[in-house]
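The structure appears below as structure tokens.
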Amino acid sequence: MPEGHVLHRAARLQGKRFNGKEVSMASPQGRFSEGAAQLDGQTLETIHAKGKHIFYRFDSGDSLHVHLGLFGKYRINKPPFPEPSPNCRVLMWTDECELHLAGPNQCRVLDPDEVVAALDRLGPDPIVNDPGDRDEFIKRIHKRKIPLGRAIMDQSIVAGIGNVYRSELLFQIGVNPFRLAADTDPETLGQLWDHSVVELKAGERVGKIITVDPIDVGAEKRSQLTRGERLYAYKRDGKDCRRCGDFIMSADIDGRNAWWCAGCQPA
DNA sequence: GTGTCATGCGTAT
DNA sequence: TACGCCTGACACG
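Be aware that the first sequence starts at 11, since it is given in the working numbering, and climbs by one per residue.
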């Protein structure tokens, strides 16, 4: 169940094993047989992520585009390779390593123009954080008359934030998720971008979403936090805020639950 | 075993 | 706003 950090981490770790290698590809489940046959035997040049999308570019110039959606999952296996699951959409392997993909929302072969078009649909990605991205984010979000809790889930405004980071980032800047983006001052929106950069990059490094400042739970290091101590707001409704002790609230925003602290993030 | 829920998103109404 | 897609983990009986 992936937000942007998962895909960037996948691109980095899978790249170590497959970049520059001639790979075999198959679709045990059968729903990607045509694409797998097309890419089978090609050399994988690079793996690249933007937001929640990942692109595998091959020497023909074509790319495998994957979006995991809510259910997609990767597994990496070493020899002896286990039997692939019946739901395995893509199996890609060399002699040393095998990548197993099940349940992706999107899985297709794109030509270079289609890759550019797919990338263009996405807003700036905090993990990439190119020069100008921060200003571009502020520009895109500040003109929207929609709640911040909806705006930061819009991948054309900022790419990579999902439901966990939504609640955690708005907690960190102390802003209620129902505040309209257009009514939020640019300085605060800039802080929101800065927190996104820090938190998503941390998530990419560690492979887990941990937003809590250890001080708030009496620990010394983030790595010492238990599973239940890692987040401030997400799925903590009814519990006490780790920072101010007030109640954590929840409500549906855009069909997904959002969580916030009644004290730290007043309406 | 069955039912529910989940870190997502596109399309139809 | 509702539904369809896609899988797996967990709670419950």
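Using N, Cα and C, we set each Cβ at its ideal position, and we do this for glycine too.
message = the ligand ATP and Ser-95: does the residue's C-beta get closer than 8 Å to at least one heavy atom of that ligand?
response = This structure lacks the ligand ATP; in fact it carries no ligand of any kind.
query = Which two residues bound the contiguous beta strand (DSSP E) that contains Lys-60?
reply = Locating residue 60 in the first sequence gives position 50, where the first residue counts as 1. From DSSP, the beta strand (DSSP E) with Lys-60 extends over 54 to 60.
key: Backbone CA spacing between Val-33 and Ala-21 [nearest angstrom]   = Position 23 of the first sequence holds residue 33. Position 11 of the first sequence holds residue 21. Distance between the alpha carbons of Val-33 and Ala-21 is about 16 Å.
key: Collapsed DSSP secondary structure at Gln-165 in the structure displayed   = Within the first sequence, residue 165 is the residue found at index 155, counting from 1. Per DSSP, reduced to three states, the secondary structure at Gln-165 is coil, with no helix or strand assignment.
ask   = Do Leu-202 and Leu-241 have their C-beta atoms within less than 9 Å of each other?
value = Numbered from 1 along the first sequence, position 192 holds the residue referred to as residue 202. Numbered from 1 along the first sequence, position 231 holds the residue referred to as residue 241. Contact annotation: Leu-202 and Leu-241 have beta-carbon atoms that are not nearer than 9 Å.
query = For the beta strand (DSSP E) that Tyr-66 lies in, which residues bound it at each end?
reply = Within the first sequence, the letter at position 56 stands for residue 66. Tyr-66 -> beta strand (DSSP E) spans 63 to 68.
task = Let me know the secondary structure DSSP gives Ile-151 once reduced to three states.
result = Position 141 of the first sequence, counting from 1, holds the residue named residue 151. If DSSP states are grouped into helix, strand and coil, Ile-151 belongs with the helices.
inquiry  = For a test of the three-state rule: what should DSSP assign to Val-185, helix, strand or coil?
reply    = Numbered from 1 along the first sequence, position 175 holds the residue referred to as residue 185. Correct three-state label for Val-185: coil.
message = Using only the alpha-carbon positions, how far apart do Arg-215 and Glu-239 sit?
response = On the first sequence, residue 215 is found 205 positions in, with the first residue counted as 1. On the first sequence, residue 239 is found 229 positions in, with the first residue counted as 1. Roughly 19 Å between the two C-alpha positions.
ask   = Residues in its own chain within less than 6 Å of Asn-173 by CB, not counting five upstream and five downstream?
value = Numbered from its first residue, the first sequence carries residue 173 at position 163. Result list for Asn-173: Arg-266, in chain order.
inquiry  = Checking the sheet assignment: what are the DSSP bridge partners for Val-222?
reply    = Here residue 222 corresponds to residue number 212 of the first sequence, with the count starting at 1. For Val-222, which the question treats as bridged, DSSP gives no partner whatsoever.
Cβ shell of Val-207 (< 7 Å), same chain only, five flanking positions each side left out = One-based indexing of the first sequence puts residue 207 at position 197. Cβ neighbours of Val-207 beyond the five flanking positions: Pro-136, Asn-139.
message = So, for Arg-85: in the same chain, excluding its five sequence neighbours on each side, which residues have a beta-carbon less than 7 Å away from its beta-carbon?
response = Looking up residue 85 in the first sequence gives position 75. These residues qualify, in order along the chain: His-110.
inquiry  = Check for me: the beta strand (DSSP E) holding Ile-268 runs from which residue to which?
reply    = Here residue 268 is taken as the residue at index 258 of the first sequence, counted from 1. A small fix is needed here, since residue 268 is Ala in this sequence, not Ile. Its beta strand (DSSP E) spans residues 266 to 271.
request  = Let me know the secondary structure DSSP gives Glu-197 once reduced to three states.
outcome  = Position 187 of the first sequence, counting from 1, holds the residue named residue 197. Helix.
ask   = Do you know how far the Cα of Val-222 is from the Cα of Ala-261?
value = The sequence position of residue 261 within the first sequence is 251, counting from 1. The sequence position of residue 222 within the first sequence is 212, counting from 1. So the alpha carbons of these two residues sit roughly 22 Å apart.
key: Straight-line Cα distance separating Phe-147 from His-15   = In the first sequence, residue 15 corresponds to position 5, counting from 1. In the first sequence, residue 147 corresponds to position 137, counting from 1. If I take the Cα positions, the gap works out to 18 Å.
key: Proximity winner among Leu-120, Ala-112, Gly-61, relative to Lys-211 (alpha-carbon distances)   = Here residue 211 refers to the residue found at position 201 of the first sequence. Comparing Cα-Cα distances from Lys-211 to each of Leu-120, Ala-112, Gly-61, the minimum goes to Gly-61.
task = Buried or exposed for Leu-80, please, with buried defined as at least 16 other CB atoms from any protein chain shown within 10 angstroms of its CB.
result = Taking the first sequence and counting its residues from 1, the one referred to as residue 80 is at position 70. Exposed, by the Cβ-count rule.
request  = Confirm, please, whether the CB-CB distance from Leu-179 to Glu-209 is below 9 Å.
outcome  = The residue you call residue 209 lines up with position 199 of the first sequence. The residue you call residue 179 lines up with position 169 of the first sequence. It is a contact, given that the beta carbons lie within the stated cut-off.
inquiry  = For the pair the stretch 108 to 127 and the stretch 65 to 80, tell me if three or more CB-CB distances fall below 8 Å.
reply    = Contact between the stretch 108 to 127 and the stretch 65 to 80 is present, with at least three C-beta pairs closer than 8 Å.
task = Could you check the C-alpha separation between Asp-130 and Trp-269 for me, to the nearest Å?
result = On the first sequence, position 120 is the one that residue 130 refers to. On the first sequence, position 259 is the one that residue 269 refers to. Cα-Cα distance, rounded: 30 Å.
query = Can you check whether the CB of Asp-250 is closer than 9 Å to the CB of Cys-274?
reply = Taking the first residue of the first sequence as 1, we reach residue 274 at position 264. Taking the first residue of the first sequence as 1, we reach residue 250 at position 240. It is not a contact, given that the beta carbons lie outside the stated cut-off.
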